[in-house]
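Counting from 1 along the sequence shown, just add 35 to a position and that's the residue number in the numbering used here.
Below is one structure; the comments refer to it alone.
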Amino acid sequence: MGKRFKKIYIEITNICNLDCHFCPKTKRKLAFMPFDLCKKAMLESKDLAEEITLHLMGEPLLHPDIEKIIFFAQEEGIRINLTTNATLVSKYQHLLLNQAIRRINFSVHGIKVNYSKEDQQRILHEVIEFTKIAQEKRDDLIIIYRLWNIDNESNRILLDQIEQEFNVKLEEETKKISTKIKNNAYVHYDESFDWPDPKDEIRSERGYCHGLTTHIGILVDGTVVPCCLDNDGNIPLGNITEQKIAGVLAGSRAMAMKKGFQDRKLIEDLCKKCTYIKRLERNRDKS
36 MGKRFKKIYI EITNICNLDC HFCPKTKRKL AFMPFDLCKK AMLESKDLAE EITLHLMGEP
96 LLHPDIEKII FFAQEEGIRI NLTTNATLVS KYQHLLLNQA IRRINFSVHG IKVNYSKEDQ
156 QRILHEVIEF TKIAQEKRDD LIIIYRLWNI DNESNRILLD QIEQEFNVKL EEETKKISTK
216 IKNNAYVHYD ESFDWPDPKD EIRSERGYCH GLTTHIGILV DGTVVPCCLD NDGNIPLGNI
276 TEQKIAGVLA GSRAMAMKKG FQDRKLIEDL CKKCTYIKRL ERNRDKS
């Protein structure tokens with residue numbers, strides 16, 4: 036029998052070492068999730084989700100206990116999906132090869148807006164060298180280079196470097212969702228998107244979301260949110276410091292939201308202002 040969710044996002048930190056214009060930042064207190072709380076979140080998520088993503092906001096490799104977290108996942112047989120801005124790949128190369136990690140998303144669009152051309156090339160070279168090592172030692176590890184800013188001319192700098200080092204031709208203008216680089220390594224193209232904001236105008240009161248169906252999120256303080264785009268915890272469903280995840284999901288607010296999605300009704304104000312559904316529809320049409 037399949038598990039309830041495809042993935043659960045566990046935000047082990049909301050701290051980041053970059054300053055990207057497309058990231059909304061968080062108004063919440065900046066923190067690292069305590070290791071004991073992280074273990075609780077992971078153990079409860081293990082039975083509910085096919086994999087755990089150590090990300091919602093923040094850069095997970097900044098967590099002071101990141102090695103303990105990954106080794107704990109390995110001991111418990113938990114599958115990790117890691118999203119990183121790629122700036123710490125050299126420091127943690129050994130850790131990124133751990134068997135618990137089944138997929139790494141390198142958000143290379145982030146280094147593009149924070150570094151000079153020379154530093155962009157240096158960091159991308161480190162990612163490429165790691166990818167080559169990983170393909171020798173971990174043929175099951177999926178590696179994604181994210182370029183979620185298509186139609187940006189400066190992407191060509193990064194694409195040219197990938198083409199040269201992997202001897203492959205990449206055509207971003209095709210706007211396919213993914214293009215294979217080599218073996219289990221891909222470039223993932225998409226447009227940048229606007230994170231929903233309580234201050235935005237209502238977009239629609241009808242629609243469907245994958246939140247509470249394919250995924251949920253757990254913020255750094257243990258707050259459970261229905262969607263990975265609720266970056267400020269505007270829809271707190273409960274907190275795992277007070278009850279189990281299953282108990283939170285059985286609460287009235289979560290149940291009302293889920294029924295609303297099933298009926299194509301958006302119950303929460305933040306959902307009524309979210310435009311991400313347009314991206315889901317566009318990607319569905321491409322696939």
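Heads up, the beta-carbon is just placed ideally off N, CA and C, and yes, glycines get one too.
This one's a predicted model, so the numbers in the text were calculated from it and none came from an experiment.
_For I115 and S142, I'd like the C-alpha separation in whole angstroms._
Mapped onto the sequence shown, residue 115 falls at position 80. Mapped onto the sequence shown, residue 142 falls at position 107. Going from the Cα of I115 to the Cα of S142 covers about 16 Å.
*Could you tell me whether the Cβ atoms of N266 and M92 are closer together than 8 Å?*
Here the question's residue 266 lines up with position 231 in the sequence shown. Here the question's residue 92 lines up with position 57 in the sequence shown. For N266 and M92, yes; Cβs fall inside 8 Å.
*Name, in chain order, the residues that DSSP records as bridge partners for T61.*
Indexing the sequence shown from 1 puts residue 61 at position 26. Answer is none; T61 lacks a bridge partner.
_Using 8 Å for Cβ pairs, my map puts E236 next to K308. What's the rounded Cβ distance?_
As a position in the sequence shown, residue 236 is number 201, starting the count at 1. As a position in the sequence shown, residue 308 is number 273, starting the count at 1. About 7 Å separates the two Cβ atoms, so the contact holds.
*In the DSSP assignment, what are the bridge partners of S213?*
In the sequence shown, the residue the question calls residue 213 occupies position 178. In DSSP, S213 forms a bridge with H223.
*Compare the C-alpha of D71 against each of K42, E85, C51, I101 and name the closest.*
What you label residue 71 is simply residue 36 of the sequence shown in a count that begins at 1. Comparing Cα positions, the closest option is I101.
*Leaving out five residues before and five after L305 in sequence, what residues of the same chain have Cβ atoms less than 7 Å from its Cβ?*
Locating residue 305 in the sequence shown gives position 270, counting from the first residue. Cβ neighbours of L305 beyond the five flanking positions: P231, P233, D265, N269, I270.
_Determine whether the beta carbon atoms of K41 and E85 lie at a separation below 8 Å._
Taking the sequence shown and counting its residues from 1, one reaches residue 41 at position 6. Taking the sequence shown and counting its residues from 1, one reaches residue 85 at position 50. Against a cut-off of 8 Å, the Cβ pair of E85 and K41 comes out as a contact.
*Are the beta-carbon atoms of Q109 and N133 separated by less than 8 Å?*
In the sequence shown, residue 109 corresponds to position 74, counting from 1. In the sequence shown, residue 133 corresponds to position 98, counting from 1. Yes. Within cutoff.
*Can R238 and T310 be called in contact, C-beta distance under 8 Å?*
Counting from 1 along the sequence shown, the entry for residue 238 is found at position 203. Counting from 1 along the sequence shown, the entry for residue 310 is found at position 275. Contact flag set, yes.
_Taking the beta carbon of I192 as the centre, do at least 16 other beta carbons fall within 10 Å, making it buried, or is it exposed?_
Start at 1 with the first residue of the sequence shown, and residue 192 comes out as number 157. Answer is exposed; the Cβ neighbour count stays below 16.
_beta strand (DSSP E) runs wholly inside the segment 84-124, at least 3 long, in chain order_ = 84-88, 115-119
*In three-state DSSP terms, what is T258?*
In the sequence shown, counting from the first residue as 1, residue 258 sits at position 223. If DSSP states are grouped into helix, strand and coil, T258 belongs with the strands.
_Nearest neighbour of I47, chosen from T214, Q156, G257 [CA to CA]_ = As a first step, residue 47 must be located in the sequence shown, where it is residue number 12. For the residues T214, Q156, G257, the minimum Cα distance to I47 belongs to G257.
*Which whole-angstrom value is the C-beta distance of T275 and K81, which I expect to be below 8 Å?*
Indexing the sequence shown from 1 puts residue 275 at position 240. Indexing the sequence shown from 1 puts residue 81 at position 46. According to the sequence provided, residue 275 is Ile. The question's Thr does not apply to it. Contact doesn't hold; Cβ gap of about 13 Å is too wide.
*What span of residues does the beta strand (DSSP E) with H56 cover, start to end?*
The residue labelled residue 56 in the question sits at position 21 within the sequence shown. Here H56 belongs to no beta strand (DSSP E), and DSSP marks it neither H nor E.
*Nearest-angstrom Cα distance between L130 and I105?*
By 1-based counting over the sequence shown, the position of residue 130 is 95. By 1-based counting over the sequence shown, the position of residue 105 is 70. Each residue's alpha carbon lies about 8 Å from the other.
*Can you tell me which of the three DSSP states T310 falls into?*
Working through the sequence shown from its first residue, we reach residue 310 at position 275. Correct three-state label for T310: coil.
_Beta-carbon within less than 6 Å of K62's beta-carbon, same chain only, minus the 5 sequence neighbours each way: which residues are those?_
For the purposes of this step, residue 62 is taken as the residue at position 27 of the sequence shown. Once the five neighbours on either side are set aside, the close Cβ partners of K62 are D267.
*asked:* Short of 6 Å in beta carbon distance, which residues of its chain neighbour Y150, apart from the five on each side in sequence? Order them along the chain.
replied: Counting from one through the sequence shown, the residue named residue 150 turns up at place 115. Once the five neighbours on either side are set aside, Y150 has no close Cβ partner at all.
*asked:* Alpha carbons only, please: which of C73, Q199, N190, D229 is nearest the one belonging to P59?
replied: To locate residue 59, count along the sequence shown from 1; it is residue 24. Nearest C-alpha to P59: D229.
*Runs of beta strand (DSSP E) lying entirely within the segment 164-197, each at least 3 residues, in chain order*: 177-182
_Strictly by DSSP, which residues pair up with K300?_
Start at 1 with the first residue of the sequence shown, and residue 300 comes out as number 265. Paired residue(s): R241.
*Could you tell me the distance, in whole angstroms, from the CA atom of G282 to the CA atom of C73?*
Taking the first residue of the sequence shown as 1, we reach residue 282 at position 247. Taking the first residue of the sequence shown as 1, we reach residue 73 at position 38. Near 18 Å, if we compare the C-alpha coordinates of C73 and G282.
*Rounded to whole angstroms, what's the CA-CA distance from I158 to K294? Just pull it up for me.*
Reading the sequence shown from its first residue, position 123 is the one you call residue 158. Reading the sequence shown from its first residue, position 259 is the one you call residue 294. Each residue's Cα considered, the two are about 45 Å apart.
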